[in-house]
Amino acid sequence: MDYQIISAVIAGIALLLFMILRLKIQAFLSLLVVCIVVGLLSGMPVNLILETMKDGMGSTLGFVATVVGLGALFGGILEQSGGAKRLADYLLKKTGQENASWAMVFTGFLVAIPVFFDVAFIILVPITYALSRTTKKSLLLYALPLLAGLAITHAFIPPTPGPIAVAEILGADLGWVIIFGILAGVPAAILGGPVFARFIASKITIEPIHFSESESPLEDAPSPALILTIIAVPIFLIVLNTLLTSELIFDLPESGLSEVIVLLGHPFTALIVANLLAWYFIGVKRGMSKEFLQKIGTKSFEAAGVIILLT
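Throughout the sequence shown, residue numbering follows this note's numbering, covering 4 to 314 in sequence.
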């Protein structure tokens, strides 16, 4: 075991926490400094350190920037229309404030089965913002349960791609992987989600990001049914792609139809479709001018820039 690399990583984590929490240095700058320090401590040549940083950011941004950008635009339209708050009110009415965090962990647990973690999070995170604003409670109370539900399914439970790949590498039976994934994952999701969120939210208050400066009056907001339908569209497209193209479920032969399904079921395309639906049905059809919708997009991308760089 290479203890030099392990020591370098531990030192890097400690330095990162010190720079962000104690020195209050901006997170992106802190991450870059720590990358260089970890590289030097692990014995990497200087040129290789810089090349690795460049390649790492390039390969990550290709997917993350597109998904986060589309998600920020989608969230901006939901927020500005008042739709996110209307949906939050609907969820609170159905579940009650005390059970809202449980509803989020359950939602994350189910949605992450067919949909990749990051895409599912981008689609669902506006709901946590709206819940936080409506209840005046810390964003952690709703975001952590959502993340716990998404993460556990993403890591442990097939037919999510990650666990399937691990099972194939290890030669494990998928049935047993599912059983033990549930046995290990459900308690972890409960403890790391609603239980821990209730504790930490009482200690730390985090305000939700505002994608736009104002919201429409609630009486003019789109209905929960319309919002849920638009949110469900990208999830449905991705699920359909997974079901019809997975060798484990239904290996669709290559054809024009399969190409269309693959295209529409890709996270990029699915989120583009969701944005176009939101742009028309939540925006244009409800009286928002196209110029105003463009301003919403511009404002939304400001918030997305920080997320993209830190990712």
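Glycine included, C-beta positions come from ideal geometry on N, C-alpha and C.
Buried versus exposed call for residue i [16 or more other C-beta atoms within 10 Å across all chains shown]
i, result
"Val236", "buried"
"Ile131", "According to the sequence displayed, residue 131 carries Thr and not Ile. Thr131 should be labelled buried."
"Gly99", "exposed"
"Arg25", "exposed"
"Gly85", "buried"
"Gln83", "buried"
"Thr301", "exposed"
"Ile172", "exposed"
"Phe124", "buried"
"Leu20", "exposed"
"Ser104", "buried"
"Leu51", "exposed"
"Val263", "exposed"
"Gly286", "buried"
"Ile230", "buried"
"Ser258", "exposed"
"Leu32", "exposed"
"Gly290", "exposed"
Sequence-distant residues of the same chain with beta carbon closer than 7 Å to residue i, five excluded per side
i, result
"Phe15", "Residue identity check: residue 15 is Gly in the sequence provided, not Phe. Around Gly15: Val37, Val40 and Val41."
"Gly46", "Gln7"
"Ile209", "Ser141, Leu142 and Leu143"
"Ala277", "Phe77, Ile233, Val236 and Pro237"
"Ile299", "Gly79, Ile80, Gln83 and Ser215"
Presumed contact (8 Å Cβ cut-off) between residue i and residue j, rounded CB distance
i, j, result
"Gly72", "Phe109", "About 28 Å separates the two Cβ atoms, so there is no contact after all."
"Ala170", "Val180", "5 Å"
"Pro270", "Ile241", "7 Å"
"Val70", "Asp121", "6 Å"
"Tyr145", "Leu127", "The pair is not a contact, with the Cβ atoms about 10 Å apart (cut-off 8 Å)."
"Gly188", "Ile160", "6 Å"
"Gly184", "Pro166", "6 Å"
"Leu34", "Leu313", "7 Å"
"Pro225", "Arg89", "7 Å"
"Leu150", "Phe199", "Wrong, their Cβ atoms sit about 11 Å apart, outside the cutoff."
Boundaries (first-last residue) of the alpha helix (DSSP H) holding residue i
i, result
"Pro211", "Here Pro211 belongs to no alpha helix (DSSP H), and DSSP marks it neither H nor E."
"Trp179", "Leu177 to Ile193"
"Gly152", "Leu143 to Phe159"
"Asp92", "Gly86 to Thr98"
"Tyr132", "Phe120 to Thr138"
"Ile13", "Tyr6 to Leu20"
"Arg25", "Unbroken run through Arg25: none, as it is neither H nor E."
"Gly111", "Ala103 to Val114"
"Ser261", "Gly259 to Gly268"
"Gly42", "Ala30 to Leu44"
"Ala200", "Phe199 to Ala204"
Own chain residues within Cβ distance below 8 Å of residue i, not counting five before or after
i, result
"Glu294", "none"
"Leu44", "Gln7, Ser10, Ala11, Ala14 and Gly15"
"Trp282", "Ile80 and Leu296"
"Tyr93", "Pro227"
Cβ shell of residue i (< 6 Å), same chain only, five flanking positions each side left out
i, result
"Pro129", "Gly78, Leu81 and Ala87"
"Ile310", "Val71"
"Ser303", "Ala75, Leu76, Gly79 and Phe214"
"Met22", "Ile28 and Ser33"
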